[in-house]
Amino acid sequence: MDPITAATATMAVQLAVAIIMAGTFYASPAERCTRYWALSGLLSAVGVLIVIINAGAPKLGLSVTGNTAIIAGMVTQWWGVRAFYRRRRNILGWVILAGFAALFALSMLLDQPLRHRALLSSLAMALLALLNLLELWKRRHPVPSFAAMLAVVAALVSFVAFSARAIGIYRDHPHFLPDTAAGAGVVVVYMIPMVSTLLFAMALLLLYFERMVAEKHQMATHDELTGLYNRRAIVAAGKREIDVAQRLGRPLAVAYIDIDHFKKINDQLGHDAGDHVITDIGHILKDTCRNIDIVGRYGGEEFCIIFPGMDREGVTMLAERLLGEVRRYRFRDNLPVTVSMGFAVLQPQETERSWTALMQRADGLLYQAKSAGRNRYCI
């Protein structure tokens, strides 16, 4: 493959990436990351096109513009990765871009050999590939997804390819120059960067869609206000835990909890204050329970907690601790807030017990706690 054909193929890949990213941005215009990625593909494609047009008898303005556009595409790609991880645009990108444009223009004005500018471009690209790699590596999860691993591999391949190109140019190997690339030089200068660019773009898209799926799952199973499980998730978990408890012959407890005099809080302080109280109480309950306990908002000012493997004795100790933690809570440092709690315990010998029946029992015990004066629990 000759250099012009390889460069044209690279431009086509960049343009395809720009169109795909632009479509993703159009579907979700609030996302900054897809905006950066679409702009990255467009800048890179335009830059390669200018370089192709300017081949043969290069002009200063076109040479600087085309090569700077390619570097600008990589800078915006890096900014897009940072935006994906909710980080701000880094000024280092502007420094790299301005420094590259100035040094490239100076090299043209001094009429230095092409290898000097090719070396400058390779080093800038290797640096930006390394920044992408570091950004992804710092944000990796203990168990990375396929998309995360693909993005890291693609960034690593890009870094290695640009570094190898820079080393080849530094050693004055003519096959690593863009206009005389041949054999392995075509592979290093054009083919590997083109493939790694395509893989990296696909990996970024997969990362983006993975996050969208995770957010939709979060919305479907978690309460928006408190971040706890919602009623649907609690009911599903409760049915599952009852089946497990009956199959393994172990106890299970369920708590039904209600904030006392919550209507008065809303009437006196407003609904925003009421929302803060619900959120704070939910966090207190979550922080006081064990890691295996399932805490959720059942509706309004009501909460539900499932305690796998907990018998009556364990429930009594935990109920005292929960009640004590809530009693110590003061909203806005002066308003005491209390709760009433009903605990229903499913004994191992109870073979026929549904989630609805268990919640009805907990609801009845909650009513007893309220009837007895509130700020207490019944088991």
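So for the sequence shown, our numbering puts the first residue at 6; every next one is plus one. Note that the Cβ used here is the ideal one computed from N, Cα and C, for glycine as well. Computed from a predicted structure; not experimentally measured.
Check, Outcome
"Helix, strand or coil: which one does DSSP assign to residue 248?", "helix"
"Once you ignore the five residues that flank residue 43 on each side, which residues in its own chain have a CB closer than 6 Å to its CB?", "23, 26, 27 and 30"
"To the nearest angstrom, how far is the alpha carbon of residue 231 from that of residue 205?", "36 Å"
"Need the endpoints of the alpha helix (DSSP H) that residue 152 sits in, please.", "151-175"
"Can you tell me where the alpha helix (DSSP H) with residue 129 in it begins and where it stops?", "119-143"
"Within 10 angstroms of its Cβ, does residue 107 collect 16 or more other Cβ (buried), or is it exposed?", "exposed"
"Which residues in the same chain as residue 235 place their Cβ atom closer than 7 Å to its Cβ, once the five residues preceding and following it in sequence are excluded?", "226, 227, 228, 301 and 302"
"Take residue 262 and list the residues in its own chain whose beta-carbon comes closer than 6 Å to its own, dropping the five residues that flank it on each side.", "308, 344 and 346"
"Would you mind sorting residue 265 into buried or exposed? The rule is 16 or more other CB atoms within 10 Å of its CB.", "buried"
"Below 8 Å on the Cβ atoms is my contact criterion, and I expect residue 55 with residue 78 to pass it. Report the Cβ-Cβ distance as a whole number of Å.", "About 12 Å separates the two Cβ atoms, so there is no contact after all."
"For residue 33, which three-state DSSP category applies?", "coil"
"Does DSSP classify residue 16 as helix, strand or coil?", "helix"
"Give every residue of the same chain whose Cβ lies closer than 8 Å to the Cβ of residue 73, excluding the five residues on either side of it in the sequence, and list them in chain order.", "52, 102, 105, 106 and 109"
"Is it buried or exposed for residue 173, if we count other Cβ within 10 angstroms and need 16 for buried?", "buried"
"For residue 49, which residues in the same chain have their Cβ closer than 6 Å to its Cβ, ignoring the five residues on either side in sequence?", "19, 75 and 78"
"Could you check the C-alpha separation between residue 132 and residue 216 for me, to the nearest Å?", "27 Å"
"In the structure shown, what three-state DSSP assignment does residue 198 receive?", "helix"
"In or out: residue 247 buried (at least 16 other Cβ within 10 Å) or exposed?", "buried"
"Taking the Cβ atom as the reference point for each residue, do residue 136 and residue 99 lie within a distance shorter than 8 Å?", "no"
"Could you check the C-alpha separation between residue 114 and residue 130 for me, to the nearest Å?", "22 Å"
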